[in-house]
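Heads up: the sequence lines are chains G and F, in that order.
Residue 30 in the working numbering sits at position 30 of the first sequence, with consecutive numbering throughout.
Residue 1065 in the working numbering sits at position 65 of the second sequence, with consecutive numbering throughout.
Backbone N, C-alpha and C fix where the C-beta goes; we use that ideal spot for every residue, glycine too.
Since the structure is predicted, the reported quantities are computational estimates derived from the model, not experimental observations.
Below: the structure, in structure tokens.
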Amino acid sequence: MKNLRLLLFAVFAIVSVAAPVSIIWKYEAALRHGVTYKFRTKPVDPYDAFRGRYVTLDFAADSLDTANDGYWRKGPYYVRLANDAEGFAKPVAASLTPLTGSDVIMVDSAWNHNQSLRFTYPFNRYYLPEDLASLAEQLYQRANRDAADRESTPETYVTVSVYRGVGVLKELYLHGRPVREAISAELEQDRR
Amino acid sequence: MNAAKFARQLVGALPALVEQNIISADGAEALRRHYAPMMRPARSLSVGLTISAILGGLLVGAGIILLLAHNWDALSRPARAGVALAPLLVSIGLSMFTLWRRSTSAAWREGCGVFYFLSIGAAIALVSQTYHLYHDLTGFLLVWLALTLPLIYLLGTGTALVGFWACVVAYSFRLNAGWHARELPPDFMPLVWWAAGLPFLVWQVWRRRGSLTVTWLSAACAVSGALLLLAYSDRRDFAYWQLPYAALFTLYYLVACRWFGDARGWRNPFRAVGCLGIAAVAVTLTFKHAFTHRPEFVWPWFSAGWALAAAGWSALIVELARKKLSFNWVAALFPGVVAVSVFVLTGHWSALLMNLYVFALGVFTLARGVRRDSWLSMNEGLLLLVALIVSRFFSADYGFVARGVAFIMVGVGFLGLNGWVLARRNKRKESDR
């Protein structure tokens, strides 16, 4: 009886380790073999007790014109991506049936309003060390203000690696620089 | 008296028995050798050890979560993946050791259980953080639930069950509460998950009904069950909300009468939560507006849930009557009265029936308390009557004089009854002497 219990526990232990390992495997594959896209963002800075500080990302190109209206259902939706003239990703097709290709990403939910299908990308958080997250937010606010003064689009975006429907965030860019570099430059400027 | 306690007392008394020449030194030594293996630490000590182990596991696990949440930028991705798995691997090692060498120790099982439970959450959370994964709390909770359920049964840990039920409640709110969920069919999987933890509680009740573990597991079960129902209450199709609540709290009360009849107060969580719930729902339903909202439609699953609750309710009443166990009949009839108010009557008449019911429940509980000389029941009945009167006099247009007289009468009744019972008890004590 004791041996059986130990055996069952060993099986369970393997499963409980396999769960996070399978997630690691899936996203490592996407990072190593995926195609990189750039997405324009609008970050803010909330707090998650379990997963630490992060920047919540909202994307400019998160909808698609559609002929239908009032349709809403739980995903997954398959969204095909393409680059616009400025090199930023935009959705060009969405389907409830699987689409194939290295330019397809799976999204979790979508809703249809005013003949526009809106969806949530499966990468809406960028985690940062707790001491950097608030600085990232300040920089973002300034980038927005400066862009508003110049009547131009703020250069805040993320790069995402897309592979077999999986999208993984690679980097967050503020003022066109990787977030950590932007923060370092800001701190350096403050010291002077 | 249990064997361990008897062994402790006997071995403790041996020196005195030898000194008084009642038994020989050799005989005492033989008895000590025989009873020593049966001696376990005193209950208070083992409870203390278990609580310390749970707190230790909880603090260490929570500390690890906070450390990992800092987001160590200096570590590479593979290193962070290793860090994510490290607490899990340590908890696996400790749990294997517990099962192998310390399976009878509640302190080891509970300490390892809580640490393992938190390690699972920490591992998934850190992997999510490393790969900036989607804010998918529902998926996160589901994985956590699925990995905790086997742990509860394999390690025999009640603390993991409490954490598991807390996750089920959060999972249910994610699926069924909020504007986005209101338009979709209700998701009943949280109820299935919640029920999956029940056999562990039943097993504990069967093994040692009067234990502290059963008390706090019952409390967790009763509270999580009520909160689980609350997750559905915001839904457009969750009209007739009165019935599920009435059924749930009455079932709690009947379960308490059937299996925990001897326990009182906080030692009987099903009774405490059940009675409180019945009183709260009943008094709420005495207001007319409680019956104004009618559902546009009702998902068939809700009807199935009602049928199941009705079957359980009838079976428990039959069982209590068959075993001749004492219970409050008027409280047991609560779901039936609510069903009549909801389905047969409307508006003003529904509220009137509920007012009469609350009054009857209060008077019956009070009379039952007097008959059984139970201070708790008497005050429960009186409080219910007070709640009814306070509700009526705040909700209706009665004059100040009428309200004043009514409050004074109830207050005097309250004091007079308590005084009368006290006098009766003193008289009985004197006659006993």
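- When rounded, the separation of the alpha-carbon atoms in W1193 of chain F and V55 of chain G is 33 Å.
- Not flagged as an interface residue toward chain G: Y1232 of chain F, since no C-beta distance is shorter than 9 Å.
- In the structure shown, the three-state DSSP call for Y78 of chain G is strand.
- In this structure, DSSP gives R53 of chain G an extended state, which the three-state scheme calls strand.
- Here W1241 of chain F is buried, its C-beta having at least 16 other C-beta atoms within 10 Å.
- Residue-level contact by beta carbon holds for I23 of chain G and chain F, with a gap shorter than 9 Å.
- Of the candidates F:S1095, F:T1286, F:G1139 and F:L1094, the residue whose Cα lies closest to the Cα of P1190 of chain F is F:G1139.
- Taking 9 Å as the cut-off, the beta carbon of Y1116 of chain F is found no closer than this to the beta carbon of L1145 of chain F.
- Within chain G, the C-beta atoms nearer than 7 Å to that of P1150 of chain F come from F12, in chain order.
- Uninterrupted beta strand (DSSP E) stretches at least 3 residues long and entirely within the segment 1298-1329 of chain F do not occur.
- V1127 of chain F has a beta carbon lying within less than 9 Å of a beta carbon in chain G.
- Y78 of chain G is positioned such that its CB atom lies closer than 9 Å to that of L99 of chain G.
- According to the DSSP assignment, L1356 of chain F belongs to the alpha helix (DSSP H) that extends over G1347 to R1372.
- E171 of chain G carries a strand assignment under DSSP once its states are collapsed to helix, strand and coil.
- Note that the C-beta distance between L1361 of chain F and L1383 of chain F is not below 9 Å.
- A contact is defined here as three or more CB-CB pairs under 8 Å, and the segment 1105-1119 of chain F meets this definition with respect to the segment 1086-1093 of chain F.
- In the same chain as R1080 of chain F, and ignoring 5 residues on each side of it, the C-beta atoms closer than 6 Å to its own belong to T1130, in chain order.
- Using a Cβ-Cβ cut-off of 9 Å, L1147 of chain F is close to F12, V15, S16 and A19 of chain G, given in chain order.
- Here the segment 1208-1223 of chain F makes contact with the segment 1151-1170 of chain F; the two share three or more CB pairs at distances below 8 Å.
- Per DSSP, reduced to three states, the secondary structure at I1023 of chain F is coil, with no helix or strand assignment.
- Approximately 5 Å separates the beta-carbon atoms of T1286 of chain F and M1354 of chain F; this is inside 8 Å, confirming the contact.
- By the Cβ criterion, the segment 1314-1321 of chain F is in contact with the segment 1256-1269 of chain F, since at least three pairs of Cβ atoms, one from each stretch, lie closer than 8 Å.
- Look at D65 of chain G here: in three-state DSSP terms it is strand.
- Contact check for V1370 of chain F against V1421 of chain F passes: the beta carbons are separated by less than 9 Å.
- Partner residues in the beta bridge of F39 of chain G, as assigned by DSSP, are G:V158.
- In the three-state DSSP reduction, G165 of chain G falls in the strand class (E or B).
- Restricting attention to F:I1124, F:I1022 and F:L1017, the CA atom closest to the CA of A18 of chain G is found in F:I1124.
- By the 16-neighbour rule on beta-carbons within 10 angstroms, M1378 of chain F is buried.
- DSSP places R1428 of chain F within a helical segment (H, G or I) once states are collapsed to three.
- In the DSSP annotation of this structure, R1267 of chain F is not part of any alpha helix (DSSP H), being labelled neither H nor E.
- Measuring C-alpha to C-alpha distances from A1007 of chain F to each of F:R1033, F:L1376, F:V1018 and F:A1222 identifies F:R1033 as the nearest.
- When DSSP states are grouped into helix, strand and coil, Y1232 of chain F belongs to the coil group.
- Assigned with DSSP and collapsed to three states, Y1153 of chain F falls in helix.
- It is roughly 21 Å from the alpha-carbon of L1137 of chain F to the alpha-carbon of E130 of chain G.
- Here S1211 of chain F carries a coil assignment [DSSP, helix/strand/coil].
- Taking each of G:V158, G:A185, G:L96 and G:F119 in turn and checking the Cα distance to L64 of chain G, the smallest one comes out for G:F119.
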